[in-house]
Structure formats: structure tokens, C-alpha cells
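Colleague:
Residue numbers (the numbering used here): 4 to 481.
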């Protein structure tokens with residue numbers, strides 16, 4: 004739990020740096036307001052507004068030469084760097100100059116992936132897989148723009164030295180398509196396998212979703228929220244089952260289902276996921292006779308084998324031998340069996356990750372525009388990291404909430420009236436067994452004083468409609 008409060012900063016400062024965020028280009032003068040955000044699994048933005056009134060010629064010239072992608076915006080809460088990223092647009096009117104920037108993930112949002120490396124299930128943690136594609140495209144690829152600093156290779160955006168990676172525990176199979184997606188799109192695909200990512204300052208954080216055993220960084224109550232809040236029971240995001248398919252051709256298609264049986268109060272509500280990045284099966288006959296790993300190369304099978312310069316490939320003299328044909332057929336069948344098992348396992352991981360938080364009906368909580376966290380809220384500003392667990396207790400509403408949530412986004416506004424910090428949260432619930440979920444749902448409903456709903460949930464049967472409703476329906480059917 005938090006050992007400090009949100010507090011009120013004395014001042015916000017903004018500085019324009021040269022790319023990499025180290026060398027100052029110019030401080031921001033005459034700033035009348037700023038907004039910045041942190042968000043989960045997406046690129047966040049910031050905006051500063053500068054009044055041109057009383058700007059001197061030096062500042063005007065500096066703003067005139069402010070260049071997207073070449074310069075970066077840095078925002079400080081008192082003396083703490085809280086946001087940084089490349090300038091994206093500069094808009095000037097008669098009275099103001101408005102600068103919008105994207106966070107540091109903008110660099111991988113505009114870097115095309117050129118790697119086709121495939122990861123087998125169980126080979127690497129999903130956060131390590133994400134880190135591999137970032138490093139490969141920014142540091143290793145022949146298209147990478149790098150420089151050497153103190154004998155060490157650094158990417159042109161100075162992003163890789165600031166990556167913080169934490170093991171997630173999921174080790175999915177994954178193979179991306181090259182030259183068709185940006186690197187950030189690969190991260191979005193890996194979110195289906197349990198990856199969470201966000202940015203704080205210049206850091207790119209790769210982690211996983213908090214689990215029931217992870218401690219909350221804070222526990223908030225109704226008193227910690229200034230202004231109105233929204234509690235949304237979101238049936239559109241609800242599902243009792245997840246169905247994952249690899250969207251390959253009909254011949255190669257694999258489909259996996261996970262989730263609840265029909266013995267639940269809701270019945271069947273599916274969530275369909277299509278993934279094109281589950282590795283395809285490459286079980287060619289030539290793999291069975293290739294050098295080194297080909298199991299059918301022996302002289303009593305297909306061999307002897309040799310390399311043909313004319314055909315520029317390996318061939319075996321006895322490929323028409325019955326023993327060779329049988330070996331190759333068995334080799335291809337075994338390859339397909341193993342590959343299809345890996346595909347199903349990868350799809351199951353994706354389906355389970357997608358189903359998290361969808362059963363029972365998800366409850367979303369957000370602080371409305373114009374509202375904010377109270378300055379005395381028991382949470383430190385540096386703990387406002389999307390992906391962290393926050394426990395919430397709201398007792399001044401028809402829907403009583405006492406639940407673990409994941410911080411989904413943070414929006415900070417600073418102007419003449421001071422600082423406002425708005426947050427959005429999503430439920431942390433994870434689907435367990437039918438029995439676990441039923442017991443959890445019953446406990447939650449009874450804790451909220453909804454005994455009748457709890458009994459319906461426990462029995463798995465919906466209540467009979469009122470007699471008046473039955474009578475009206477019968478009259479309408481005549």
C-alpha cells in the first residue's frame with residue numbers, strides 16, 4: 004500500500020530537448036496549460052499550449068525551428084520527469100502555439116518489422132519475445148540506424164537503454180509477418196498472450212497483468228475521488244467462452260475453445276479471436292532429407308545424398324525406394340502432428356488471455372472529465388503506472404464496489420487552476436473454474452446485499468418472469 008499521498012505540485016515545467024532527450028533545445032516559456040497521459044498497451048500523447056503574448060524574438064525563433072521527430076517534449080512535475088516523447092505536430096494561431104507530442108513508443112509505432120524469427124511454445128517469456136523484436140529492429144537489422152556511445156551500440160532514438168522488462172510467466176509460440184506490420188503491432192499481438200506494456204517518462208515497461216497474489220499499490224475509496232465517477236457494467240466486453248482460430252486456410256485451420264460450460268446463469272456468450280501470427284506448419288518433404296537434421300538421409304533409406312550445383316539443392320539417389328518413401332511420409336506426418344499440437348497450445352494461451360476479466364460481467368470505473376483524484380488520495384504520483392493493481396472501494400453508489408482493478412490510463416491536466424489527475428480502471432478478475440467463479444460471484448452479490456441475485460447465480464437458473472409479464476406476452480401473441 005502507498006506510504007505517501009498524491010499531493011499538489013508547486014509547478015509544472017516543460018522543456019524541448021533534441022532527440023534522445025538529453026541535450027536541451029529550449030525551455031518552454033509562457034506556457035498556459037498542458038495535458039499528458041499514460042495509457043496501457045497504446046501510445047500516449049501530451050500537449051502544451053504557449054501564448055505568444057510577450058514572447059521575445061529568441062523564443063519565437065526557437066518555436067519556428069521546432070521540428071517533429073527531431074525534437075522531444077519533456078514534462079516535469081516540480082523536478083521529476085514524468086513524460087517524454089517526440090514532437091509530432093506544431094500548430095500556430097494568432098495568439099498561441101500548440102505542440103503535440105507522442106510518448107517514446109512512437110519510435111516503434113513507426114518502425115517496420117523485418118524479423119521473421121519464430122518462437123516455439125515454451126522457448127521464451129512473452130516479454131522477452133517483445134524485447135527481441137524491439138532490439139532486432141532498432142539495433143540488429145541491416146535497416147537499423149545506430150551509433151556507438153562509449154563503445155556500446157545505441158539505437159537512433161535512444162529507446163533500448165530505457166526498456167524495463169519483467170517476466171510474465173507465459174511462453175507462447177509466435178512468428179510475425181515481416182514488412183507488413185510496425186513493431187508496436189507485434190506488441191499488440193503479444194498482448195493476446197499476456198503482455199502488458201506502457202511508458203513512464205522515457206522508460207518503456209514490458210510486464211504482465213497483475214495476479215491475485217500481487218499487492219495493490221493503493222486502496223482508494225469514494226472520498227479519494229473528487230467530482231463524479233462512472234461505474235459501467237459492460238455487457239459488450241462480457242464472455243463465458245473464448246474461441247481462438249489461426250485464420251489459416253481451411254485445410255490448416257486450428258480452432259481452440261476455453262471457458263465456461265453451459266452450467267452458468269448467463270448461458271453461452273462467445274468471444275472470437277483471430278490470430279495470423281501463430282506459426283504455420285512448414286512440413287516439407289525436403290526437410291526430411293536435408294543435411295544435419297534430415298532423418299531419412301541414411302544409406303538404407305534415401306541416401307546416399309549429395310548437393311547438386313545444377314539444381315542448387317540436396318538430392319538423394321534412392322528417393323524412389325519404398326523404405327525412403329515410407330520414412331518421408333512418416334517424417335511429414337510427425338512434423339504436422341507436433342506442429343498442430345504447438346498451434347493448439349498457442350491458441351489456447353491466446354484464448355485464456357483474451358477471456359481474462361470478461362466473466363462475470365466486467366465492471367469499469369472511470370473518473371469523469373473535470374473530476375480528479377483528491378490530493379490526499381493515498382497513492383504516490385510515481386505509482387500511477389498503467390498495469391499496476393489498485394483496490395477500489397466505492398460505497399456511495401447503488402452498485403457497491405470492493406474490487407481489485409488494473410490502472411488502464413492516467414490523464415493529467417495543468418493550468419491556472421492547478422493540477423487534475425483523472426484515471427481509468429478495468430477489473431482485474433481472471434476466470435477460474437466454474438465453481439470458483441460461481442462462488443466468487445455469489446460472495447460478491449451477497450456482500451452487496453443482493454441476496455435474491457446471489458441465489459439465482461448460485462443455482463445457475465434465472466428467476467421465473469412475473470405473472471404480469473407472462474399475461475402480457477400471452478395477450479400480445481393472440
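For glycine and all other residues, C-beta sits at the position ideal for the given N, C-alpha and C.
If we ignore side chains and look at the alpha-carbon of each, how far apart do residue 439 and residue 243 end up?
Modeller: Since pLDDT at residue 439 reaches only 45, below the 50 mark, its modelled position is unreliable, and no value is offered.
Colleague: How many Å lie between residue 436 and residue 399 at the Cα?
Modeller: With a pLDDT of only 36 at residue 436, under 50, the local geometry of the prediction cannot be trusted, and the value read off the model is given with reservation. Their backbone Cα atoms lie some 32 angstroms apart in a straight line.
Colleague: Just reading off the alpha helix (DSSP H) that residue 110 is part of, what are its end residues?
Modeller: Element bounds for residue 110: 109-112.
Colleague: With H, G and I counted as helix, E and B as strand and the rest as coil, what does DSSP make of residue 260?
Modeller: Residue 260: strand per DSSP, three-state reduction.
Colleague: Less than 8 angstroms between the CB atoms is what I'm expecting for residue 128 and residue 47, so what's the real figure, rounded?
Modeller: Not confirmed; about 25 angstroms, so no contact.
Colleague: So, helix, strand or coil for residue 41, using DSSP?
Modeller: Here residue 41 sits in strand by DSSP.
Colleague: Could you check which residue in 316, 339 and 408 has the C-alpha nearest to that of residue 368?
Modeller: Ranking the options by Cα distance to residue 368, first place goes to 408.
Colleague: Distance, Cα to Cα, residue 271 vs residue 145?
Modeller: Cα to Cα, the separation comes out at about 50 angstroms.
Colleague: Rounded to a whole number of angstroms, what is the C-alpha to C-alpha distance between residue 215 and residue 394?
Modeller: Taking the straight line from one Cα to the other gives about 11 angstroms.
Colleague: Apply the 10 Å Cβ neighbour rule to residue 150 and answer buried if 16 or more other Cβ atoms are within range, or exposed otherwise.
Modeller: The residue is exposed, with fewer than 16 neighbouring Cβ atoms inside 10 Å.
Colleague: Over what stretch of residues does the alpha helix (DSSP H) that includes residue 1 continue unbroken?
Modeller: Residue 1 lies beyond the stretch modelled for the chain, which goes from 4 to 481, so this question has no answer here.
Colleague: So residue 150 is in the alpha helix (DSSP H); what residue range does that whole segment cover?
Modeller: Element bounds for residue 150: not the alpha helix (DSSP H) but the beta strand (DSSP E), 149-152.
Colleague: State yes or no: is the C-beta of residue 305 within less than 8 angstroms of the C-beta of residue 319?
Modeller: Contact: yes.
Colleague: How would you write the range of the alpha helix (DSSP H) that residue 135 sits in, first residue to last?
Modeller: 129-138 is the span of the alpha helix (DSSP H), which, as asked, contains residue 135.
Colleague: In the DSSP output, which residue or residues are listed as bridge partners for residue 95?
Modeller: Answer is 100, bridged to residue 95.
Colleague: Report yes or no: do three or more beta-carbon pairs, one from the region 275-287 and one from the region 332-339, lie closer than 8 angstroms?
Modeller: With the cut-off at 8 angstroms, the region 275-287 and the region 332-339 touch.
Colleague: In terms of residue numbering, what span does the alpha helix (DSSP H) encompassing residue 353 cover?
Modeller: Element bounds for residue 353: 325-358.
Colleague: Let's see if you can read the secondary structure: which residues bound the alpha helix (DSSP H) around residue 63?
Modeller: 60-67 is the extent of the alpha helix (DSSP H) around residue 63.
Colleague: Residue 185 and residue 111: beta carbons closer than 8 angstroms?
Modeller: Result yes, Cβ atoms of residue 185 and residue 111 sit closer than 8 angstroms.
Colleague: Ordered along the chain, which non-local residues of its own chain (more than five positions away) have a Cβ less than 6 angstroms from that of residue 433?
Modeller: Residue placement at residue 433 is poorly supported in this model, since its pLDDT is 46, which falls under 50; the coordinates are not used for a value here.
Colleague: Rounded to the nearest angstrom, how far is the Cβ of residue 17 from that of residue 31, given a contact under 8 angstroms?
Modeller: Correct: roughly 4 angstroms between the Cβ atoms.
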